[in-house]
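Engineer: Shown below is the structure under consideration.
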Amino acid sequence: MGGSAANGGGGGKAAAGARVPMPPAKPFLETLGGNMKETFLPDDPFRVVRRERGCGRRALAVLRYVFPLMEWAPSYTLGTLKSDLIAGITIASLAIPQGISYAKLAYLPPVLGLYSSFVPPLVYAMMGSSRDLAVGTVAVASLLIGSMLSAEVSPADDPALYLHLALTATFFAGVFQALLGVLRLGFIVDFLSHATIVGFMGGAATGGLLL
Numbered sequence: 001m002g003g004s005a006a007n008g009g010g011g012g013k014a015a016a017g018a019r020v021p022m023p024p025a026k027p028f029l030e031t032l033g034g035n036m037k038e039t040f041l042p043d044d045p046f047r048v049v050r051r052e053r054g055c056g057r058r059a060l061a062v063l064r065y066v067f068p069l070m071e072w073a074p075s076y077t078l079g080t081l082k083s084d085l086i087a088g089i090t091i092a093s094l095a096i097p098q099g100i101s102y103a104k105l106a107y108l109p110p111v112l113g114l115y116s117s118f119v120p121p122l123v124y125a126m127m128g129s130s131r132d133l134a135v136g137t138v139a140v141a142s143l144l145i146g147s148m149l150s151a152e153v154s155p156a157d158d159p160a161l162y163l164h165l166a167l168t169a170t171f172f173a174g175v176f177q178a179l180l181g182v183l184r185l186g187f188i189v190d191f192l193s194h195a196t197i198v199g200f201m202g203g204a205a206t207g208g209l210l211l
């Protein structure tokens, strides 16, 4: 019995002296780079390029990444066209009056609201990746354009200059958004808190009621 106790004590000492193997320490810059990549680029945009061999295949992979249309267009069928046609008519029935009203919010001619409801869906069909998203004008952007430009130029006194300024502002906003889309920088939205977004939308809604 004493021997077994001694053996048990020896086993306890052996267990207490066991060491768990630790992974080798990584350099600080390597660890920092890995953490930043995981945070800012959870979906590596260059992954599709690294998997291909040859300049031609890599260039084609980049085009397919920027223009998802090149992937699903070859498999497009008449049945899909029928469904898309019904969806397009449904969205157009809402987008046409909506675009006209949003143009009036920005103090612009109503026909520009029709243009803004027609062109964005065509561009998004080539460069977008979601099949369940309606793209077009929004009330908040119209209110911001109207309030920003009307403080500088009166749309009633000088409509031509006001229109030029509105087109310039929307052009540069479109270029900025296109760069964000091509570079896949949509993850920046994740850093906007819910309180910030709710406050912004609430303020825009209040401003719309006061107009």
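Under full-length UniProt numbering, the residues of the sequence shown are numbered 1 to 211, in order. All C-beta atoms, glycine included, are put in the ideal place defined by N, C-alpha and C. Keep in mind it's a predicted model, so treat the numbers as computed, not measured.
How about residue 126 and residue 78: do their beta carbons lie closer than 8 Å?
Structural biologist: Indexing the sequence shown from 1 puts residue 126 at position 126. Indexing the sequence shown from 1 puts residue 78 at position 78. Contact flag unset, no.
Engineer: Among 201, 163, 123, which has the Cα closest to the Cα of residue 178?
Structural biologist: In the sequence shown, residue 178 corresponds to position 178, counting from 1. Residue 178 has its Cα closest to that of 123, out of 201, 163, 123.
Engineer: Would you report the Cα separation of residue 103 and residue 55, rounded to the nearest angstrom?
Structural biologist: One-based indexing of the sequence shown puts residue 103 at position 103. One-based indexing of the sequence shown puts residue 55 at position 55. Residue 103 and residue 55: Cα-Cα distance of roughly 46 Å.
Engineer: If you check the beta carbons only, do residue 161 and residue 105 fall under 8 Å apart?
Structural biologist: One-based indexing of the sequence shown puts residue 161 at position 161. One-based indexing of the sequence shown puts residue 105 at position 105. No, these two residues do not count as a Cβ contact at 8 Å.
Engineer: Would you mind stating whether residue 217 and residue 88 have Cβ atoms separated by less than 8 Å?
Structural biologist: There is no way to answer for residue 217, as the model of the chain reaches only from 1 to 211.
Engineer: Please state whether DSSP places residue 82 in a helix, a strand or coil.
Structural biologist: Taking the first residue of the sequence shown as position 1, residue 82 is located at position 82. DSSP places residue 82 in helix when its eight states are reduced to three.
Engineer: Just curious, the alpha helix (DSSP H) that residue 152 is in, first and last residue?
Structural biologist: Counting from 1 along the sequence shown, the entry for residue 152 is found at position 152. Looking at the DSSP string, residue 152 is not in any alpha helix (DSSP H), and its letter there is neither H nor E.
Engineer: Assign residue 188 to one of two classes, buried (16 or more other C-beta atoms within 10 Å of its C-beta) or exposed (fewer than that).
Structural biologist: Numbered from 1 along the sequence shown, position 188 holds the residue referred to as residue 188. Residue 188 should be labelled exposed.
Engineer: Using only the heavy atoms of the ligand FAD, determine whether one of them is closer than 7 Å to the beta carbon of residue 146.
Structural biologist: By its list of ligands, the structure shown contains no ligand whatsoever, and the ligand FAD lies outside what it can speak to.
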